[in-house]
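Visitor:
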Amino acid sequence: MRLHRIRRFRLVGSLAAGVVLSACGADAATGVELLSGGATIAVSLEYTAAPPSSGLPRVQVTGLPEMIEVIWDVESAPCLIAEASGVLAESVIEIQIHRAGDPLGDCASVRVAYHYVARTQAVAPGRYDVRVIDATLGLSPREVGRRSVVVTAGAAG
């Protein structure tokens, strides 16, 4: 099992990415309109891959002191790399998980379960409507979860 910590990267299309993601087409739901006109917010992402398990997909969104944490467990094609980004517009936060095939991956054509943990940074206290978007390269973006959460102030130090 590999743990990936990725802050930012640019998605680069390749033949390998297209081949890996072609198996994801059956998972694609109707695309959604992405949030526009907001401010970019920093989002960190950690993820692991493991054998598939039951009860997938699942999404959990939690408001914490000065941050929002999103946990997304989903089964999909193997050898995906990912990053996350965020947009804040008024009281709406959209967290996008950008996924693409790893052109350097040595992959078998089996499905795997991914566990993604995305965390926003330095979010002001308040109530937010959080949208979680799967932005897989080559597919229309789709909403995988939505929840209203309350972000609290951090501990005084």
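Going by this note's numbering, the first residue of the sequence shown is number 88, and it counts up by one from there.
Here a beta-carbon is modelled for each residue, glycine too, at the ideal position from N, C-alpha and C.
Note that the coordinates shown come from a computational prediction; the quantities given were computed from them, not determined experimentally.
According to DSSP, is Pro-152 part of a helix, a strand, or is it coil?
Guide: For the purposes of this step, residue 152 is taken as the residue at position 65 of the sequence shown. Note: Pro-152 maps to strand in three-state DSSP.
Visitor: Which residue wins for smallest C-alpha separation from Val-130, given the options Val-237, Val-236, Gly-118 and Val-210?
Guide: Within the sequence shown, numbered from 1, the residue matching residue 130 stands at position 43. Among Val-237, Val-236, Gly-118 and Val-210, the Cα nearest to that of Val-130 is on Val-210.
Visitor: Using 8 Å as the threshold, is the segment 214 to 229 in touch with the segment 132 to 142, meaning 3 or more CB pairs across them?
Guide: Contact between the segment 214 to 229 and the segment 132 to 142 is absent, because fewer than three Cβ pairs lie under 8 Å.
Visitor: Exposed or buried, Ser-178, counting other C-beta atoms within 10 Å across all chains shown (16 or more means buried)?
Guide: Here residue 178 refers to the residue found at position 91 when the sequence shown is read from its first residue. Ser-178 comes out exposed.
Visitor: Pop quiz: Ala-169 and His-185 are said to be a contact at Cβ under 8 Å. What is the actual Cβ separation, rounded to whole angstroms?
Guide: Numbered from its first residue, the sequence shown carries residue 169 at position 82. Numbered from its first residue, the sequence shown carries residue 185 at position 98. Between His-185 and Ala-169 the Cβ distance is about 6 Å, and since that is below 8 Å, they are a contact.
Visitor: Find out if the Cβ-Cβ distance for the pair Thr-127, Val-174 is shorter than 8 Å.
Guide: The sequence position of residue 127 within the sequence shown is 40, counting from 1. The sequence position of residue 174 within the sequence shown is 87, counting from 1. Taking 8 Å as the Cβ cut-off, Thr-127 and Val-174 qualify as a contacting pair.
Visitor: Which of helix, strand or coil does DSSP assign to Gly-192?
Guide: Indexing the sequence shown from 1 puts residue 192 at position 105. Coil, per DSSP.
Visitor: So within the segment 157 to 227, which uninterrupted alpha helix (DSSP H) runs reach at least 4 residues, ignoring any that extend past its ends?
Guide: None, since the segment 157 to 227 contains no complete alpha helix (DSSP H) of that length.
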